[in-house]
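Reminder that position 204 of the first sequence reads as 203 in numbering that gives the first Met the number 0, one-by-one numbering, no gaps.
Positions of the beta carbon are idealized from the N, C-alpha and C atoms, including for glycine.
Worksheet: one structure, shown below.
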Amino acid sequence: MKLYNTATGKKEDFRPLNDMKVGMYVCGVTVYDVCHIGHARSAVVFDVIRRYLRFKGYGVKFVKNFTDIDDKIINRARQEEIPWYDVARKYTLRYYDDMRRLGVADADVEPRATEHIEEIIRMVKGLVEKGHAYVVDGDVYFSVESFPGYGKLSGRRLEDMQAGARVEVDARKKNPMDFALWKKSSKEGEPAWDSPWGPGRPGWHIECSAMTLRHLGETLDIHAGGADLIFPHHENELTQSEAYTGKQFVRYWLHNGFITVDKEKMSKSLGNFFTIEEILDKYSPEAVRLFLLQTHYRSPIEFSNENIEEAEHSLEHFYQSMKRLEDFFLSQGKEGADAGKKIPKGLEEAVSSFMGALTDAMDDDFNTALAIGHVFELVKEINRFLDQRPSGGEAVRLLEQARELIGQASGVLNLFGRTPEQWQEMLIGVKRITVDEREIERLIEERRKARAGRDWKRADAIRAELEQKGIILEDGKDSTGWRVKA
RNA sequence: GGCGGCGUACCCAAGUGGCUAAGGGAGAGGUCUGCAAAACCUCGAUGCAGCGGUUCGAAUCCGCUCGCCGCCUCCA
């Protein structure tokens, strides 16, 4: 298995520190606001990576944090006129809500910064003692010049960074790039914890260092997050952690690409963002997930409603095929199997090559787009096979294998895992279908009578009426089915 | 200014030296159907931003040019 390591800029063979045990940490969110689709991408992508590692047989300890103390949270609390911890609680709950809808599994450990103040203070103290940090008037700063490797993750040198620095320099810092480990509490009502340097709160990066140390030890196998965290967040995290422990902090750094709108990065400050909630208001969560996974995790994705709609159409076709497959199994149960007739080779080949193709794709830096392509190829073969009107035990076995394989892929991607009925129910909700099922059945029955009397005008009127309400009728061999228009 | 990335069909997108350049969406024609829908079949880039070069062979490596974007500030 190869994965792209930001630290080296290359695809590398994956070798965890301890054989089949993997320690993985993903930077979660700062809970000061609702999440947008960019947050969803990061969560979904690393959810799949974690699932795939499990699939490969690794024992994964997956840690995803909440940063629940930060200037942005304090500002928000002021705005909303509620205590800062209520801001954190509120948006943590919103986060869980969004993630569950997107099919993102909970992490094994979900630590919060405020639960690790003791560790943070211990680390800061240690860094001061080792001469990597200094105290100025109740604040504690990390001295970047004390750490020779500073800049090694993001690939920049101290001198280069200073030239283009856009930040106002704090005169109390020894070097403009020095960053805060501990911030003095200055205003009344601000959250504060006692420390050797007086009351204050943690700086931005130190909480992740403290949480990783407690939950995963000194060296992590994988540390992941959005590409915008490479600098300064991950660079600083790496620096302070390695300065503190003297050990390699992370073996593989993984970073996902951005979501763009009109080619520009989606971000809070530009105001060009779409929240997860508003997107899920219009589209099925599975379509959103497919939309996110159809592109390699490091490439940018252009957001648009049309692109999500396309994903939804893909899924519609997928579940149509699954319905067909389901109907086949039912018919076999009823009619019994006659001796298998000659069956074409396509499906057999697709079935036997599928697993290899899937793992090859995923082994190559988690190429979910290619893996999804393979699923669609398999579906195409299933359809072709069913077109031959197969019957008999051999056909059933082959199709059962195909279904089993899709189930395996579904376990990794957390896509394609519903039943056709569940997909329909989901669409009824998302598309706000107002006609109830009994009314649809009544109209189908009325139309059946009209058709029996060759009253095509009435029959077509009923079809049109239902289509307007988002329901598509499909005439089968001896009955009429319906589905929600995606 | 420093560092990095991207440009593949109408749209999205995989592919980073060698079998006919995956897959999806949209479209056209066909089979099926009372009409549809779905499904399947067929069609669709002799070419991968442009120009040179390396090579028996390049979308894939190298150089230049054009266009777009990101990080260097909070950010997934």
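Counting only the Cα atoms, Asp-362 lies some 10 Å from Asp-12. If you draw a straight line from the Cα of Thr-218 to the Cα of Lys-10, it comes to about 20 Å. Beta-bridge annotation (DSSP): Asp-138 is paired with Val-135. Counting C-beta pairs closer than 8 Å gives three or more between the region 187 to 202 and the region 58 to 74, which meets the contact rule. Here Glu-301 is bridged, per DSSP, to Thr-259. For Ser-266, the closest alpha carbon among the candidates Thr-238, Gly-225, Gln-319, Gln-247 is that of Gly-225. Under the 10 Å beta carbon count, Pro-195 is surrounded by fewer than 16 other beta carbons and is classified as exposed.
Taking the C-beta atoms as reference points, Asn-271 is found no nearer than 8 Å to Tyr-296. Each of Arg-213, Gly-137, Glu-376, Phe-328 was checked against the Cα of Lys-60, and the nearest Cα belongs to Arg-213. Per DSSP, the continuous alpha helix (DSSP H) segment holding Arg-450 begins and ends at 436 to 451. Counting along the chain, Pro-284 sits inside the alpha helix (DSSP H) bounded by residues 284 to 292. By the neighbour-count criterion, in which 16 or more other beta carbons inside 10 Å mark a residue as buried, Met-210 falls on the buried side.
If you ignore the 5 residues before and after Thr-479, its C-beta comes within less than 8 Å of the C-beta of Ile-443, Arg-446, Arg-447, Leu-472, Glu-473, all in its own chain and listed in chain order. Residue environment for Lys-186: exposed (fewer than 16 other C-beta atoms within 10 angstroms of its C-beta).
Cys-207: member of the alpha helix (DSSP H) spanning 205 to 215, first to last residue.
Look at Gly-270 here: in three-state DSSP terms it is coil, with no helix or strand label.
Around Asp-364, the same chain offers Lys-1, Leu-2, Tyr-3, Lys-10 as residues with beta carbons nearer than 7 Å, after the five sequence neighbours per side are excluded. Tyr-251 sits in a strand when the DSSP states are folded into three classes. Between the region 120 to 134 and the region 73 to 86 there are fewer than three C-beta pairs closer than 8 Å, too few to call the two in contact.
For Asp-220, the enclosing beta strand (DSSP E) starts and ends at 219 to 225. Linking Met-19 to Leu-52 through their CA atoms gives a straight-line distance of about 10 Å.
Judged by DSSP secondary structure, Met-265 falls outside any alpha helix (DSSP H); it is assigned neither H nor E. When beta bridges are read from the DSSP output, Thr-479 appears opposite Asp-474. Shown here for Trp-422: same chain residues with a beta carbon closer than 6 Å to its own, the five before and five after excluded, namely Tyr-318 in chain order.
Closest in C-alpha terms to Phe-230, from the list Ser-240, Leu-291, Ser-153, Asp-169, comes Ser-153. Per DSSP, Lys-71 is one residue of the alpha helix (DSSP H) stretching across 70 to 79. At a Cβ-Cβ threshold of 8 Å, Arg-40 and Ile-300 count as neighbours. For Arg-14, the closest alpha carbon among the candidates Arg-388, Glu-117, Phe-327, Asp-220 is that of Asp-220. Counting the other Cβ atoms within 10 Å of the Cβ of Leu-269 gives fewer than 16, which makes it exposed. Taking each of Ala-106, Val-28, Ser-298, Met-122 in turn and checking the Cα distance to Lys-262, the smallest one comes out for Ser-298.
At a Cβ-Cβ threshold of 8 Å, Asp-97 and Cys-26 do not count as neighbours. A Cβ-Cβ contact shorter than 8 Å links Ala-401 with Leu-346. Annotated as proximal: Val-21 and Tyr-57, with beta-carbon spacing under 8 Å. Judged by their CB atoms, Ala-349 and Leu-324 are not nearer to each other than the 8 Å cut-off. Rounded to whole angstroms, the gap between the alpha carbons of Gly-137 and Val-249 is 31 Å. The beta strand (DSSP E) runs lying completely inside the region 4 to 67 and spanning 3 residues or more are 9 to 12, 20 to 29, 58 to 66, given in chain order.
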